[in-house]
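Note sheet for the following structure.
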Amino acid sequence: MSTPDGEPVEIATHTLLHLSDTHLTSAGVLYNGVIDADRALAAAADLIARAVADGVGVDALVVSGDLTDTGDPAAYRRLADALGSLGPPVVWATGNHDVRTTLHTELLGRPDEPGKILQHHDIAGLRILVLDSTVVGAGHGRLEPEHLAELAAALATPAEHGSVVVLHHAPVPPPSPLLAYFTLERASRRALAATVAGSDVRLVLAGHHHLAQSGSLAGVPVAVAGSTAIRVDPLARPGHERTVVAGSLNLVRLYPDTVTVSVLPLDESLGAPQAFAMDEAACAELIARHPIVR
Ligand SMILES: [Fe+2]
Ligand SMILES: [Fe+2]
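For what it's worth, my numbering labels the leading residue of the sequence shown as 502, then goes sequentially.
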């Protein structure tokens, strides 16, 4: 494949698929009374399975909390079955709808740790550090000084390809009035900013807002993945909360000198038609018809 200026084609060093807010319910229960969260998860899993089968390298799946709606152990097991069998390792974060101890037991294999765990993952030289932003019994988020001190201690030694920090409560302004109430405390956002400033953190991944968003924190890009099941309408009438049944996930690519985040709506699984598809020969033929202007 060519480029217009003859520079080599850019190749990502790491590719992540970032899912969030799967909100799996207990068997037979619909999420918010109307949504089959398992069906939405299956659409995401199908998309990932197809990419892996087609040879798209995926280094890890990141799932940034609200994995289940009420903490049902069976729902965690269904989630682990659906995503754990796809090939890439899975990184799990805890959300306000999760039950921390059940998540630790079912997904992390650490049943004896009721407190917050800072998870460290090494994905081919890329360090993924997972915070727990939850407050037991509450919907909003908080990062305590001790938890951030652990993060700072980990970040004191840079990783080969830098670090990605994952947490549930997004450290950017929320898109709706209800989420303004259930958001990450501002003091925690400021403290996290101070911790990642000047470190090797290249990207912060989060969820909770049920809407794909991008922002920044102390100059570090922040990418929020939407829910696999629903999407908040950020253009709802002021003061109103409105969601639609429409899921998405994010494709995260890290390059030596930048990162890209692409939102992948799960609409194809729900019947969006293909516009066109070209194989390598067809791409080469199209390129041949478009000479470079110098
Ligand atoms: Fe959620
Ligand atoms: Fe949440």
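Built from N, CA and C at the ideal position, the CB exists for glycine as well.
Which class does residue i belong to by DSSP, given the choice of helix, strand or coil?
| i | result |
| --- | --- |
| V705 | strand |
| P678 | helix |
| S664 | strand |
| H648 | helix |
| L548 | helix |
| R743 | coil |
| L518 | strand |
| L525 | strand |
| R738 | coil |
| R732 | strand |
Assign residue i to buried or exposed, taking buried as 16 or more other Cβ atoms, counted over all protein chains shown, within 10 Å of its Cβ.
| i | result |
| --- | --- |
| Y682 | exposed |
| R579 | buried |
| R743 | exposed |
| G720 | exposed |
| E511 | exposed |
| I624 | buried |
| P675 | buried |
| Y532 | buried |
| H621 | exposed |
| L787 | exposed |
| D570 | buried |
| V690 | First, the residue type needs correcting, since residue 690 is Arg and not Val in the sequence shown. Looking at its Cβ environment, which holds 16 or more other Cβ atoms inside 10 Å, R690 is buried. |
| E607 | buried |
Just reading off the alpha helix (DSSP H) that residue i is part of, what are its end residues?
| i | result |
| --- | --- |
| S873 | Nothing can be reported for residue 873, as the shown portion of the chain is limited to 502 through 795. |
| H641 | Where H641 is concerned, there is no enclosing alpha helix (DSSP H), given that its DSSP letter is neither H nor E. |
| L787 | 781–789 |
Along the chain, where does the beta strand (DSSP E) that runs through residue i open and close?
| i | result |
| --- | --- |
| I629 | 627–631 |
| A724 | 721–725 |
| T514 | Per DSSP, T514 belongs to no beta strand (DSSP E) and is neither H nor E. |
| V753 | 749–755 |
| S689 | S689 -> not in any beta strand (DSSP E); alpha helix (DSSP H) instead, spanning 687–697. |
| S717 | 714–718 |
Look at the alpha carbon of residue i and the alpha carbon of residue j, and state the distance between them as a whole number of angstroms.
| i | j | result |
| --- | --- | --- |
| G663 | V702 | 6 angstroms |
| V600 | K617 | 12 angstroms |
| R551 | V559 | 11 angstroms |
| S763 | V753 | 7 angstroms |
| V672 | L685 | It should be noted that the sequence gives Pro, not Val, for residue 672. If you take the alpha carbons of P672 and L685, they lie about 6 angstroms apart. |
| C784 | L548 | 23 angstroms |
| H524 | D537 | 10 angstroms |
| N751 | S586 | 19 angstroms |
| R790 | P589 | 39 angstroms |
| G534 | A575 | 19 angstroms |
| A653 | V697 | 8 angstroms |
| E661 | P735 | 38 angstroms |
| H598 | V557 | 32 angstroms |
| D582 | V665 | 25 angstroms |
| L649 | L704 | 16 angstroms |
| T658 | G640 | 33 angstroms |
| I731 | R795 | 47 angstroms |
| L718 | A782 | 43 angstroms |
| G521 | P792 | For the record, residue 521 in the displayed sequence is Ser; it is not Gly. Cα to Cα, the separation comes out at about 43 angstroms. |
| G596 | H741 | 24 angstroms |
| A544 | L630 | 27 angstroms |
| A747 | L627 | 31 angstroms |
| A776 | A724 | 28 angstroms |
| A561 | L679 | 32 angstroms |
Please confirm if residue i has its CB atom under 8 angstroms from at least one CB of chain B.
| i | result |
| --- | --- |
| V721 | The structure shown contains no chain B; it holds only a single protein chain. |
**Study point:** Start-end ranges of the alpha helix (DSSP H) lying completely within the region 552–622, minimum 4 residues
**Key:** DSSP runs (the alpha helix (DSSP H)) wholly in the region 552–622: 574–585, 601–604.
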